[in-house]
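Numbering (the working numbering) for the sequence shown: 522 to 911. Ideal Cβ placement from N, Cα and C applies to all residues, glycine included. Below: one structure, written as structure tokens.
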Amino acid sequence: MALEDLGTKQLLIFAGKGGVGKTTCSAAAALHFAGQGKRTLLVTVDPAKRLEDSLGVEIKGITEIQENLHAQMLDPEEIIRERLQQYAEGEAVMDHPLFRYVTNYLPGLNELMAIGRLNEIRKELDYDIIVIDTAPTGHALSFLSAPKAIQELMSEKSLIRWVLRGYKVWQRFNKARRGIGSMFQKKEEIEADKRDAAAEAEDVDLEQVFERLATEAKGIQEMLTDPDRTALNIVALPEKLPVEETIDLYEHAVKEIGIHIGYVFINKVQPDALGPDQAEFHRLMQDEETRTRLAEVLKEHRYPATLVDAITTATAFSEIRRAMNLSHIGDLEIRLPHVQKRLLPLFREDIQGLDRLAIFKEAMFGKVQTTRIAGTEGEVADASAGQPQA
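Structure representation (structure tokens):
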């Protein structure tokens, strides 16, 4: 998949381990596609307010960031309450004890509702693309697994289905009991039963509620697994643990959920400290005469001669760090050879505010050279190669 093909999707999801730069990557992607004239909504389901920091803008509701770009911080718990009001009048469904009991053990219900609401927003407000910044990996898996999990839990043979049907039988039995028992009850007992009956009259058909949930889950699952509509992009760091988590996330997303992977963005790759001149600098520093002459020039300008050794050591350190990064990237390339990857550089400062985000966006989507990864047959697009830290 070409990088620009991401812009043809309706739903772009960014996921990965905490602290790898998911929010920055999702915000940069939204900024890029909005700049191409696509009406874009950037959404976070991460309770931390990193998106506000990244954009440098306070987000309240659906907030306009610039032309074609809006942002929203989504609260799945608030959405589930709004959505379930469509399934029954008043607070009956939310306050029902059996509903509360079942939903406590129904994984991903909040996430399911969030995805469903986002798809509705896309249609209602005519967005071309919705970019989702997820919470760290474990929560992201819950978010992505929710539709399939709910369908399985509401299958004909599931325990929950039998509980709901048993509850229906109990309701009918309880009504019959009150009808027969009223002939033998005292006045106080009759009044109590009347109150129970009045409450039950407002009761909801929970089986129907959960059937609607399962139907909605099926539609969302179809959207998530449609490669023409949805792409999951994984953000990683060039380190051992994040690489392992990236592979685990890939395996789970592809094999268990069936979602299509767009790109793996490997963030914070050590760039060359001196940019394209670094290799030439180290070649020159191998010559003792050149080092001596440079030290003399520095002394003439009242700089310590030891500065030559300090610069050489610093640039050598960046080379070692880059080699370590590329080694971990090589492991990823060997294990996921067919997945598109792009290396993004380590920046001197945090990416906060639209100006810094625009610089990051160029690294993420601009034209870059490729780097051959040692020990593999692959080359990857590399925005960190031959570049100083920005």
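In the DSSP assignment, find the unbroken beta strand (DSSP E) run with residue i in it and report its ends.
{"i": "Asn754", "result": "751-757"}
{"i": "Thr811", "result": "Careful: Thr811 lies outside any beta strand (DSSP E), inside the alpha helix (DSSP H) at 809-821."}
{"i": "Gly783", "result": "782-790"}
{"i": "Ile872", "result": "It is not in any beta strand (DSSP E) - Ile872 carries neither H nor E in the DSSP assignment."}
Got a sec? Which residues, its chain only, sit under 6 Å from residue i by beta carbon, not counting five neighbours each side?
{"i": "Ile580", "result": "Glu573, Ala592, Met594"}
{"i": "Ile653", "result": "Ile534, Val564"}
{"i": "Pro759", "result": "Ile787, Val790, Asn846, His849, Ile850"}
{"i": "Gly637", "result": "Glu737, Ile741"}
{"i": "Ser905", "result": "Val790, Pro792, Leu864, Pro866"}
{"i": "Ala555", "result": "Thr561, Asn589, Leu590"}
What is the DSSP secondary structure of residue i, counted as helix, strand or coil?
{"i": "Leu527", "result": "helix"}
{"i": "Leu867", "result": "coil"}
{"i": "Glu579", "result": "coil"}
{"i": "Lys862", "result": "strand"}
{"i": "Phe705", "result": "Below a pLDDT of 50, predicted positions are generally treated as unreliable, and Phe705, at 44, falls in that range; the measurement from the model is reported next regardless. DSSP places Phe705 in coil when its eight states are reduced to three."}
{"i": "Ala902", "result": "strand"}
{"i": "Thr736", "result": "helix"}
{"i": "Pro618", "result": "helix"}
{"i": "Ala794", "result": "coil"}
{"i": "Lys644", "result": "helix"}
{"i": "Lys669", "result": "helix"}
{"i": "Lys538", "result": "coil"}
{"i": "Met744", "result": "helix"}
{"i": "Asp574", "result": "helix"}
{"i": "Gly637", "result": "helix"}
{"i": "Gly907", "result": "coil"}
From the DSSP output, read off the bridge partner residues of residue i.
{"i": "Ile650", "result": "Thr561"}
{"i": "His591", "result": "Leu562, Glu585"}
{"i": "Leu533", "result": "Val652, Ala752"}
{"i": "Thr891", "result": "Ala902"}
Cutting at 8 Å between CB atoms, please list the residues of its own chain near residue i, excluding the five before and the five after it.
{"i": "Gly851", "result": "Ile894, Ala895, Gly896, Thr897"}
{"i": "Gln672", "result": "Ala735, Ala738, Lys739, Gln742"}
{"i": "Leu819", "result": "Pro825, Ala826, Leu828, Val829"}
{"i": "Lys559", "result": "Gly528, Asn589, Asp649, Ile650"}
{"i": "Glu854", "result": "Lys862, Ile894, Thr897, Gly899, Val901"}
{"i": "Gln557", "result": "Gly528"}
Return the first residue and the last residue of the alpha helix (DSSP H) that residue i is part of.
{"i": "Leu878", "result": "875-886"}
{"i": "Thr834", "result": "828-856"}
{"i": "Thr767", "result": "761-772"}
{"i": "Thr545", "result": "543-556"}
{"i": "Leu805", "result": "799-806"}
Should residue i be counted as a contact of the ligand NAD given a C-beta to heavy atom distance under 7 Å?
{"i": "Glu737", "result": "The ligand content of the structure shown is nil, which means the ligand NAD is not present either."}
Applying the 10 Å Cβ sphere with the 16-neighbour rule, what's the burial state of residue i?
{"i": "Phe731", "result": "buried"}
{"i": "Lys888", "result": "exposed"}
{"i": "Leu532", "result": "buried"}
{"i": "Asp808", "result": "exposed"}
{"i": "Phe838", "result": "exposed"}
{"i": "Leu865", "result": "buried"}
{"i": "His553", "result": "buried"}
{"i": "Asp749", "result": "exposed"}
{"i": "Ala800", "result": "exposed"}
{"i": "Glu900", "result": "exposed"}
{"i": "Pro763", "result": "buried"}
{"i": "Asp903", "result": "buried"}
{"i": "Leu805", "result": "exposed"}
{"i": "Leu646", "result": "exposed"}
{"i": "Gly582", "result": "exposed"}
{"i": "Thr892", "result": "buried"}
{"i": "Lys530", "result": "buried"}
{"i": "Glu821", "result": "exposed"}
{"i": "Glu525", "result": "exposed"}
{"i": "Arg571", "result": "buried"}
Excluding the 5 residues flanking residue i on each side, which residues of the same chain have their C-beta closer than 7 Å to its C-beta?
{"i": "Gly907", "result": "Asp793, Gly796, Pro797, Gln890"}
{"i": "Ser575", "result": "Thr544, Thr545, Ala548, Ile872, Gln873, Leu878"}
{"i": "Ala635", "result": "Val566, Leu595, Pro597, Ile600"}
{"i": "Ile780", "result": "Leu665, Leu745, Thr746, Thr751, Leu753, Ala774"}
{"i": "Ala835", "result": "Ala794"}
Taking only beta-carbon atoms, is residue i less than 8 Å away from chain B?
{"i": "Ala592", "result": "Absent here is chain B; the protein component of the structure consists of one chain."}
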